[in-house]
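See below for the structure under consideration.
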Amino acid sequence: MAPEVKPNYNIKGFMDWLSISGNWVLIPPRPQAIVHFLGGAFVATAPHLTYRCLLEELAHQGYAIVATPFVNTLDHTAIAKDVLWTFEDGLEDLYDLQFLKRRGLPIYGLGHSMGCKVHLLMGSLFPIERSGNILMSFNNYAARQSIPLVEQISQVMDVEFTPSPEETNRLVGDRYQIRRNLLIKFSKDTIDQTSNLHQILDQRFPGLTTLQKLNGDHQTPLGQNVSWSVGETFTPFDAVGQWIKQAVYQDLNQLKKQILYWLNPLMSV
Numbered sequence: 001m002a003p004e005v006k007p008n009y010n011i012k013g014f015m016d017w018l019s020i021s022g023n024w025v026l027i028p029p030r031p032q033a034i035v036h037f038l039g040g041a042f043v044a045t046a047p048h049l050t051y052r053c054l055l056e057e058l059a060h061q062g063y064a065i066v067a068t069p070f071v072n073t074l075d076h077t078a079i080a081k082d083v084l085w086t087f088e089d090g091l092e093d094l095y096d097l098q099f100l101k102r103r104g105l106p107i108y109g110l111g112h113s114m115g116c117k118v119h120l121l122m123g124s125l126f127p128i129e130r131s132g133n134i135l136m137s138f139n140n141y142a143a144r145q146s147i148p149l150v151e152q153i154s155q156v157m158d159v160e161f162t163p164s165p166e167e168t169n170r171l172v173g174d175r176y177q178i179r180r181n182l183l184i185k186f187s188k189d190t191i192d193q194t195s196n197l198h199q200i201l202d203q204r205f206p207g208l209t210t211l212q213k214l215n216g217d218h219q220t221p222l223g224q225n226v227s228w229s230v231g232e233t234f235t236p237f238d239a240v241g242q243w244i245k246q247a248v249y250q251d252l253n254q255l256k257k258q259i260l261y262w263l264n265p266l267m268s269v
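Residue numbers for the sequence shown, in UniProt numbering: 1 to 269.
Shown next as structure tokens:
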């Protein structure tokens, strides 16, 4: 049975962020699709805060957001299983509570860094339906390259993620089910492995995977917007503040536009 939740609505009919069955959700008045979001390894525990700017923009463009937190461990298969169960439980509760009134909405996966790997594992190991996945800054490094402490432990014992990077690539190449994918690679991202993933997916589903290269770095999806209030008199200090805001968030804004265009090419952003 769905928990009793009383959401708050703003003047435009939007709910505030809600915690539903372990997920953080943000529902616009008439959603056209559902976006299931998974964040990076060390910022995935509070995605409604760490990715707030990006996710709220998608919601304001008509996408229901279901962001599933997770804690990173060495067992990525277990993480994928737990995340999928948490998402599906939350989705049923959203329908039961009538927060989502129409069943059958398209579901898109959206992941950043390790969140990409979790989406890939869910799409390879479990029978799920997705209209597509958007994977930003895919990272598939070995444990010793990802966690400093593991590098020291690995000198005396074998410590690795499950599945390993090599096993992950094989799983995706053999069993990944989601045919339509957008891969996003940032120009200054030094730990990105998107190009290799593109080759794997292009071999599995020829012509259905789009690789988009954008300005930015590995932290670009985490960018938080800044509200800059200008007084009655526009001062040089205000001008500097506006310039900083535009320069810093230009990459994030470009990312938002690219995601929205891929989700709906007919939509004007």
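All C-beta atoms, glycine included, are put in the ideal place defined by N, C-alpha and C.
Residue i: first and last residue of the uninterrupted beta strand (DSSP E) it sits in
| i | result |
| --- | --- |
| K213 | 209–214 |
| F99 | Counting along the chain, F99 falls outside any beta strand (DSSP E), and DSSP gives it neither H nor E. |
| S19 | 18–20 |
| N23 | 23–26 |
| I200 | It is not in any beta strand (DSSP E) - I200 instead sits in the alpha helix (DSSP H) that spans 194–204. |
| N72 | It is not in any beta strand (DSSP E) - N72 carries neither H nor E in the DSSP assignment. |
| N181 | 181–186 |
Bridge partners - residue i, DSSP secondary structure assignment
| i | result |
| --- | --- |
| G109 | H36, N133 |
| I128 | None; I128 has no bridge partner. |
| T162 | D75 |
For residue i, the first and last residue of its enclosing alpha helix (DSSP H)
| i | result |
| --- | --- |
| V66 | First-last for V66: 63–67, but that is the beta strand (DSSP E), not the alpha helix (DSSP H). |
| K117 | 114–125 |
| L55 | 52–60 |
Cβ-Cβ distance between residue i and residue j below 8 Å
| i | j | result |
| --- | --- | --- |
| F70 | L55 | no |
| T220 | W262 | no |
| S124 | L84 | no |
| Y108 | I134 | yes |
| D189 | H218 | yes |
| C116 | G223 | no |
| Y141 | I79 | no |
| H112 | M136 | yes |
Nearest candidate by alpha-carbon position, reference residue i, set the options
| i | options | result |
| --- | --- | --- |
| Y51 | W24, M15, D96 | W24 |
| residue 299 | I128, T73, K257, L171 | Residue numbering for the chain in the displayed model covers 1 to 269; residue 299 lies beyond these limits and cannot be assessed. |
| L183 | P221, L171, F138, E167 | F138 |
| M114 | S164, V66, Y95, S131 | S164 |
| N215 | K101, Y141, S187, V118 | S187 |
| Q254 | G22, F42, E57 | E57 |
| L97 | N264, L260, Q193, S19 | S19 |
| D16 | A44, I200, V66 | V66 |
| K213 | Y249, T77, I259 | I259 |
Residue i CB to nearest heavy atom of the ligand ATP below 7 Å
| i | result |
| --- | --- |
| P106 | In terms of ligand content, the structure shown is empty, and the ligand ATP therefore cannot be addressed. |
* To do: Could you tell me whether the stretch 55–66 touches the stretch 18–32, where touching means 3 or more Cβ pairs closer than 8 Å?
  => Judged by Cβ distances under 8 Å, the stretch 55–66 makes contact with the stretch 18–32, as three or more pairs qualify.
* Between the stretch 171–179 and the stretch 189–204, are three or more C-beta pairs nearer than 8 Å? -> yes
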